[in-house]
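Residue numbers (the numbering used here): 2 to 505.
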């Protein structure tokens, strides 16, 4: 039986072998991320040597070599994660942990994150030191911004996990291995970062200020969340309600959010009678502008790519071709940073939501009898929501320990309003640069929609049966769910190969 399955594996067409090779590379990266660094490095070397010898042997005796190539690809993925980790740690601030240093120079390399009592600054150390660090300060009176050159004194500490959250790994995905808490900071100079990124962040900050001028709370912070992923001023109670209703993705700028928004914009353009090829390029322009507006951070760029991949699937209409494009896009992203596969929540949501839309959307379109034409009818909203959410469920369970059973209902009610809200809010902000009163008047419609959406979220979030809490069993549920989904994907692949064999 095993021999028969191996024969089927080896007889795959070249595109399928290419796809399987990428999957095995990703799997190698994933497995490697769980192992101790030194142990993993040695295992990877052994894997690579074994696979190379096996390939040479196969080639020497003129036998099939694809099985050996698969082993090599898996080993390369395994080794690549270890090599990346080794290189980043070698060029990091890891070796400074435990040291108290004075007059350290650094440049802020991302937007400051303002929390209740602290400001978090991601900074790159300048020579003679190197690497990135996270600075936590309570100096609210200082206006920190991207590109500021700062000088500080403090103690370098190793990040520690808390409340079952692997904070150390979370920071490590951004190549941050040290935290400096409450140092004395002085700003020496401004605009010392990359000029384009500096411009984009200045644009984002300006946009946030205009939103705050036009809309009152909580509508302004909710719109900033929708358009920019900014949760800085979001009411804590509203944030809890967003989590309980499964709509937190709306303000997270995750791939799930951008994919849903992209799908809505694409459907809207098609409803206007615009041909699919033209609609596709208009959506690409929309995603590009959206990414630029939000500051073009790495996570948002990845999410934008996933959104474009989904629209490409709707343009091509061939799930297996777009499946290859999706996995190839993930492969390129992992070459740039392999840690995102396991430690980047946004990337996981992006990938899973797009995969769900590619594989399950046709099924739910048939189930709910979605008709072509029109814009976001309830059947289309339900189909899109279910297709995306089913694949992200295991990730949400693992991350939060619970799932929202009212999420589909809440999303169906809100998602149809979100594209209009974002469009009207965006136009209102643009008009406010010409005249503040013009922006306020035009923003009335967006304000009404924002108020309605917040009321829906608060109404459903206050229900006692809104969530199912898995507690300590959340990890077990995650792995069981993952096993079911992998089995489903294998079944789909098997059905495809059987169909091809019958045709032949």
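By construction, the Cβ of each residue, glycine as well, lies at the ideal position given by its N, Cα and C atoms.
- Straight-line spacing of the CA atoms in residue 452 and residue 220 works out to 7 Å.
- Taken through DSSP and simplified to helix, strand or coil, residue 127 comes out as coil.
- Residue 396 is positioned such that its CB atom lies no closer than 8 Å to that of residue 331.
- Of all C-beta pairs linking the stretch 435-446 to the stretch 405-413, fewer than three are shorter than 8 Å, placing the two stretches out of contact.
- Counting along the chain, residue 404 sits inside the beta strand (DSSP E) bounded by residues 403-405.
- Bounds of any beta strand (DSSP E) do not take in residue 434, whose DSSP letter is neither H nor E.
- The beta carbon of residue 179 sits closer than 8 Å to the beta carbons of 93, 94, 95, 97, 98, 132, 134, 135, 157, 158, 159, 160 from its chain, once the five residues preceding and following it are set aside; these are given in chain order.
- Under the DSSP assignment, residue 107 falls in the beta strand (DSSP E) whose first and last residues are 101-109.
- Counting only the Cα atoms, residue 70 lies some 20 Å from residue 83.
- Taking a cut-off of 8 Å for Cβ pairs, the stretch 181-193 and the stretch 148-155 touch, as three or more such pairs fall below it.
- Between residue 391 and residue 358, the C-beta spacing is not below 8 Å.
- For the pair residue 291 and residue 403, the CB atoms are not nearer than the 8 Å cut-off.
- Contact annotation: the stretch 190-197 touches the stretch 104-116, with at least three C-beta pairs closer than 8 Å.
- Inter-residue distance for residue 228 and residue 17 is about 38 Å (C-alpha atoms, whole angstroms).
- About 6 Å separates the beta carbon of residue 226 from that of residue 232, a gap short enough to meet the 8 Å contact definition.
- DSSP links residue 459 through a beta bridge to no other residue.
- Shown here, residue 259 sits in a helix according to DSSP, grouped into three states.
- Pairing residue 430 with residue 212 gives a Cβ-Cβ distance under 8 Å.
- For residue 355, the enclosing alpha helix (DSSP H) begins and ends at 346-368.
- Residue 408: member of the alpha helix (DSSP H) spanning 408-416, first to last residue.
- Cβ contact annotation for residue 263 (same chain, cutoff 7 Å, sequence separation greater than five): 284, 288, 308, 311, 312, in chain order.
- The residue from 414, 415, 447 with its alpha-carbon nearest to that of residue 422 is 447.
- Relative to the Cα of residue 266, the nearest Cα in the group 21, 286, 252 belongs to 286.
- Around the C-beta of residue 365, 16 or more other C-beta atoms lie within 10 Å, and the residue is accordingly described as buried.
- Assignment of beta-bridge partners to residue 157 by DSSP yields 181.
- In the DSSP assignment, the residues bridged to residue 163 are 166.
- Annotation: residue 88 to residue 20 spans about 28 Å, alpha carbon to alpha carbon.
- Bounds of the beta strand (DSSP E) holding residue 135 are 133-138.
- Boundaries of the beta strand (DSSP E) around residue 469: 468-470.
- Taking a 10 Å sphere around the C-beta of residue 477, we find fewer than 16 other C-beta atoms and assign the residue as exposed.
- Here residue 476 carries a helix assignment [DSSP, helix/strand/coil].
- Residue 242 has its alpha-carbon roughly 16 Å from the corresponding atom of residue 224.
- Under the three-state reduction of DSSP, residue 465 is assigned to coil, being neither helix nor strand.
- Counting only the Cα atoms, residue 386 lies some 23 Å from residue 480.
- Within the DSSP bridge table, the entry for residue 122 names 136 as partners.
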